[in-house]
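Everything on this sheet refers to the single structure shown next.
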Amino acid sequence: MTLVSGWGRFPVVDSDVLRPRSFEAVGEAVVTGTIARGNGRAYGDAAIGAVRTIGMTGFDRVRSFDPATGRIRLEAGVLLADLIDTFGPRGFLPFVVPGTRFVSVGGAIAADVHGKNHHCEGGFGRYVDSILLRTGQGETIEVSREENSDAFFATVGGMGLTGIILEVSMRLRPVQTGWIRERVVSASDLDAAMRALEASDAATYSVAWIDCAVRGRDLGRSLIYLGEHAVKGDLADDAAAFPAGKNPGLAVPIDLPSMTLNRTSIRAFNELYYRMGARRAGGNHVVSLYPYFFPLDSIADWNRIYGRRGFLQHQCVIPENGARSVLGDILDRVATRGDASFLAVLKKLGQGDGILSFPLPGYTLALDFPVRGDILNFLDEIDRLVVAAGGRLYLAKDARQSRATFEAGYPALSRFNAIRKALDPNGTIRSKLSQRLFDEV
Ligand SMILES: Cc1cc2nc3c(=O)[nH]c(=O)nc-3n(C[C@H](O)[C@H](O)[C@H](O)COP(=O)(O)OP(=O)(O)OC[C@H]3O[C@@H](n4cnc5c(N)ncnc54)[C@H](O)[C@@H]3O)c2cc1C
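Counting in numbering that gives the first Met the number 0, the sequence shown runs from 0 upward without gaps.
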């Protein structure tokens, strides 16, 4: 047995971790209580098997690529970082990227990850044509919108619970360059931030970073980053069409003592960040895709900043109607508490594609908290606000929500459960997350 955790390093639990080298060996490795694991970037317990965890990042081969259409067939363990570095210089990028590029294609499908373009272009699953799935029953089937479509839409956003994704056919986006035309808008409070996001519905990419240490008049003050793919004409004559992808430069070498994060350090960081960003507001800048999409990737192991006990990310989505008052309430409680994350992220989302996909039309807010004190009770309080507003929490970030919160947020759960049961009548595929939220007890 090995101690395993997600990116938040909470919870840390025992699981038997195997790394098979062939698809046949994957099949042989499956026992009751197995789940697939990609690159372990889900924050909580989604990628930890109830009994056994199958590491998939060794399956990292590209099977075929058509440069005329951008269609690609690849194994599920390929990291988006490698796709970007390999196909970016040839003029193709993934349509959807989350806030880190160190996720696998299998993990991106299982969480139906959203990027800064969800409001207009949907999630990762929208660009997937078909999936080779090894079910809990031991069958290997191809699932797509046309063939085994129930299994397809349950697998997109299904957190690995329909089986193990072995291979994927999907589309990449043609681009002229690897640069982004960025415009920064500074918003002095939450109303201004939401107005700015609303007004930028036509922007391909948009995201707001909120200073969640301030209250009162400043509550919700934010920097909004809008982006479009730059074309060759946007670049200086001598600029390379594709920027160099840097590996993380800095690393956090040790678990910092949890007292490093306190009201004073968080306020100071946020103040500095807001002031520096506000200075860039207004104009257009051409920036590399790497800092634009993946600002946190430049510091390796940044999850250690939160100390040995780990941290929790709370990511909710609130339907558009009524979002303003709930978000204001949450941010006020968080600022009053004082130990919230350095920065919160606010984004607009559109409709999700998978049966259990997290997005719904509305606003998503993501906050990080160190695991200490009464944080679990505090987050239960926030959950009640989310549920009352018709919202839900993101399973890829979750380590602690209750069944009641989960069931209230995902009305299509019974349909998902029926499809899962048909694919896996004996309940072979199980994670710590599924034991907590899905499985019969
Ligand atoms: C810094 C950071 C920023 C992030 N930003 C975003 C964001 O902007 N948007 C967003 O949507 N998410 C975001 N995430 C979450 C992340 O994109 C998802 O958790 C993603 O699923 C992680 O992929 P992974 O390969 O690491 O999968 P893992 O964490 O290993 O697994 C995640 C889920 O996918 C399943 N899975 C993995 N591989 C397979 C497979 N081959 N077959 C079947 N199931 C599989 C697992 O069982 C598990 O349920 C962020 C995470 C971090 C750490």
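The C-beta atom is built at its ideal place from N, Cα and C for all residues, glycine as well.
Small disclaimer: the values here were computed from a predicted structure and weren't measured.
> Quick one: what does DSSP say Cys119 is sitting in, helix, strand or coil?
Replying inline: Along the sequence shown, read from residue 1 onward, the residue named residue 119 stands at position 120. Three-state DSSP puts Cys119 in a helix.
> Is the number of C-beta pairs between the segment 13–21 and the segment 133–144 that are closer than 8 Å three or more?
Replying inline: Three or more beta-carbon pairs separated by less than 8 Å are not found between the segment 13–21 and the segment 133–144, which leaves the two stretches without contact.
>> According to DSSP, Asn283 sits in a beta bridge with which residue or residues?
In response: Sequence index remark: in the sequence shown, residue 283 carries index 284 (1-based). DSSP, once it has assigned bridges, lists Arg182 as partnering Asn283.
>> Does the segment 347–365 come into contact with the segment 162–172, if we say contact requires no fewer than three beta-carbon pairs (one atom in each stretch) closer than 8 Å?
In response: No, the segment 347–365 is not in contact with the segment 162–172.
>> Given a cut-off of 8 Å on the beta-carbon distance, is the pair Leu196 and Leu218 in contact?
In response: In the sequence shown, counting from the first residue as 1, residue 196 sits at position 197. In the sequence shown, counting from the first residue as 1, residue 218 sits at position 219. Not in contact: Leu196 and Leu218 (Cβ atoms no closer than 8 Å).
> When the Cβ atoms of the segment 165–182 are set against those of the segment 81–96, are three or more pairs found closer than 8 Å?
Replying inline: With the cut-off at 8 Å, the segment 165–182 and the segment 81–96 touch.
> Distance, Cα to Cα, Ala322 vs Glu138?
Replying inline: Position 323 of the sequence shown, counted from the first residue, corresponds to residue 322. Position 139 of the sequence shown, counted from the first residue, corresponds to residue 138. When only Cα atoms are considered, Ala322 and Glu138 end up about 43 Å apart.
> Over what stretch of residues does the beta strand (DSSP E) that includes Pro173 continue unbroken?
Replying inline: For this step, residue 173 is matched to residue 174 along the sequence shown. For Pro173, the enclosing beta strand (DSSP E) starts and ends at 163–173.
>> Once DSSP output is grouped into helix, strand and coil, what is the label at Pro97?
In response: Within the sequence shown, the letter at position 98 stands for residue 97. Of the three classes helix, strand and coil, the one that applies to Pro97 here is coil, per DSSP.
> Is there contact between the segment 291–298 and the segment 96–105, where contact requires at least three CB pairs shorter than 8 Å?
Replying inline: Counting Cβ pairs under 8 Å, three or more are found: they touch.
> Who's in the neighbourhood of ligand 1, going by beta-carbon under 5 Å from any heavy atom, listed in chain order?
Replying inline: Here the residues come out as Trp6, Ile34, Ala35, Arg36, Gly37, Asn38, Gly39, Arg40, Ala41, Ala45, Ala46, Met55, Ala75, Pro97, Gly98, Thr99, Val102, Ser103, Gly105, Gly106, Ala109, Ala110, Val112, His113, Met158, Gly159, Ile163, Ile164, Leu295, Ala395.
> Over what stretch of residues does the alpha helix (DSSP H) that includes Tyr204 continue unbroken?
Replying inline: Indexing the sequence shown from 1 puts residue 204 at position 205. From DSSP, Tyr204 is part of no alpha helix (DSSP H) but of the beta strand (DSSP E) over 204–210.
> CB Ile34 to CB Gly48, shorter than 8 Å?
Replying inline: Numbered from its first residue, the sequence shown carries residue 34 at position 35. Numbered from its first residue, the sequence shown carries residue 48 at position 49. Note that the C-beta distance between Ile34 and Gly48 is below 8 Å.
> At which residues does the beta strand (DSSP E) containing Pro19 begin and terminate?
Replying inline: Against the sequence shown, residue 19 aligns to sequence position 20. Annotation for Pro19: no beta strand (DSSP E) segment contains it, and DSSP assigns it neither H nor E.
> Counting pairs of Cβ atoms below 8 Å between the segment 373–385 and the segment 231–241, do you hit three or more?
Replying inline: Contact between the segment 373–385 and the segment 231–241 is absent, because fewer than three Cβ pairs lie under 8 Å.
>> In the DSSP output, what is Phe91 paired with across the bridge?
In response: For the purposes of this step, residue 91 is taken as residue 92 along the sequence shown, with counting starting at 1. DSSP lists Pro173 as partners of Phe91.
>> Am I right that Val493 and Ser356 are in contact with their C-beta atoms under 8 Å? What's the rounded C-beta distance?
In response: This structure does not reach residue 493, given that the chain is present from 0 up to 440, and the question cannot be answered.
>> On the DSSP bridge list, what partners appear for Lys347?
In response: As a first step, residue 347 is located in the sequence shown; it is residue number 348 there, counting from the start. For Lys347, which the question treats as bridged, DSSP gives the partners Tyr362.
> Do Asp44 and Leu348 have their CB atoms nearer than 8 Å?
Replying inline: Indexing the sequence shown from 1 puts residue 44 at position 45. Indexing the sequence shown from 1 puts residue 348 at position 349. No; because the gap between Cβ atoms is not below 8 Å, this pair is not in contact.
> Does the beta-carbon of Thr427 have 16 or more other beta-carbons within 10 angstroms, so that it is buried, or is it exposed?
Replying inline: Translated into the one-based positions of the sequence shown, residue 427 becomes position 428. With 16 or more Cβ atoms within 10 Å of its Cβ, Thr427 is classed as buried.
> Hey, out of Gly157, Glu181, Gly7, whose CA is closest to Ser413's CA?
Replying inline: In the sequence shown, the residue the question calls residue 413 occupies position 414. Closest option to Ser413, judged by alpha-carbon separation, among Gly157, Glu181, Gly7: Gly157.
>> Assuming the contact rule is C-beta atoms closer than 8 Å, Gly87 and Phe241 should be a hit. Round their C-beta distance to whole Å, please.
In response: Working through the sequence shown from its first residue, we reach residue 87 at position 88. Working through the sequence shown from its first residue, we reach residue 241 at position 242. At roughly 5 Å, the Cβ-Cβ gap stays under 8 Å, so Gly87 and Phe241 are in contact.
> With respect to the beta strand (DSSP E) encompassing Asp423, which residues constitute its N-terminal and C-terminal limits?
Replying inline: As a position in the sequence shown, residue 423 is number 424, starting the count at 1. Where Asp423 is concerned, there is no enclosing beta strand (DSSP E), because DSSP gives it neither an H nor an E.
> Just to confirm, does Ile47 get its C-beta within under 7 Å of one of the non-hydrogen atoms of ligand 2?
Replying inline: No copy of ligand 2 occurs in the structure displayed; its ligands are ligand 1 alone.
> Whose C-alpha, out of Asn38, Ala46, Arg72, is nearest the C-alpha of Ala80?
Replying inline: Locating residue 80 in the sequence shown gives position 81, where the first residue counts as 1. The shortest C-alpha separation from Ala80 is found at Asn38.
> Exposed or buried, which one is Lys115 when buried takes at least 16 other CB atoms within 10 Å?
Replying inline: Against the sequence shown, residue 115 aligns to sequence position 116. Lys115 is buried by the Cβ-count criterion.
> In chain order, what residues of the same chain lie with their CB nearer than 8 Å to the CB of Val12, ignoring the 5 residues before and after it?
Replying inline: By 1-based counting over the sequence shown, the position of residue 12 is 13. Taken in chain order, the residues that qualify are Leu2, Val3, Ser4, Asp44, Ile47, Lys431.
> In angstroms, rounded to a whole number, what distance separates the CA positions of Ser143 and Leu222?
Replying inline: For the purposes of this step, residue 143 is taken as residue 144 along the sequence shown, with counting starting at 1. For the purposes of this step, residue 222 is taken as residue 223 along the sequence shown, with counting starting at 1. Just so you know, the alpha carbons of Ser143 and Leu222 end up roughly 39 Å apart.
> Would the segment 22–36 and the segment 321–336 be scored as touching if the rule is three or more Cβ pairs under 8 Å?
Replying inline: As far as the Cβ criterion goes, the segment 22–36 does not touch the segment 321–336, which means the pair count is below three.
> If you draw a straight line from the alpha carbon of Arg307 to that of Leu378, how long is it in whole angstroms?
Replying inline: The sequence position of residue 307 within the sequence shown is 308, counting from 1. The sequence position of residue 378 within the sequence shown is 379, counting from 1. Straight across, the Cα-Cα distance linking Arg307 with Leu378 is about 20 Å.
> For Glu227, which option in Ser287, Ala250, Lys245, Ala238 has the closest C-alpha, if you only look at C-alpha atoms?
Replying inline: Mapped onto the sequence shown, residue 227 falls at position 228. The candidate whose alpha carbon is nearest that of Glu227 is Ser287.
>> Buried or exposed, going by whether 16 or more other CB atoms sit within 10 Å of the CB of Gln400?
In response: Taking the first residue of the sequence shown as position 1, residue 400 is located at position 401. By the 10 Å Cβ count, Gln400 comes out buried.
>> Assuming Val184 and Ala280 are in contact, meaning their beta carbons sit under 8 Å apart, how far apart are those beta carbons, in whole angstroms?
In response: The count along the sequence shown starts at 1 and reaches residue 184 at position 185. The count along the sequence shown starts at 1 and reaches residue 280 at position 281. Indeed they touch by this definition, with Cβ atoms about 6 Å apart.
>> Between which two residues does the alpha helix (DSSP H) holding Ala35 run?
In response: What you label residue 35 is simply residue 36 of the sequence shown in a count that begins at 1. Taken as a continuous stretch (DSSP letters only), Ala35 belongs to no alpha helix (DSSP H), being part of the beta strand (DSSP E) at 33–36.
> In terms of alpha-carbon separation, which member of Leu160, Thr176, Cys211 lies closest to Gly187?
Replying inline: Sequence index remark: in the sequence shown, residue 187 carries index 188 (1-based). A small fix is needed here, since residue 187 is Ser in this sequence, not Gly. The shortest Cα separation from Ser187 among Leu160, Thr176, Cys211 belongs to Cys211.
>> In this structure, how does DSSP classify Asp227 when only helix, strand and coil are distinguished?
In response: In the sequence shown, the residue the question calls residue 227 occupies position 228. Correcting the residue type first, residue 227 is Glu in the shown sequence and not Asp. Looking at Glu227 - three-state DSSP - the assignment turns out to be strand.
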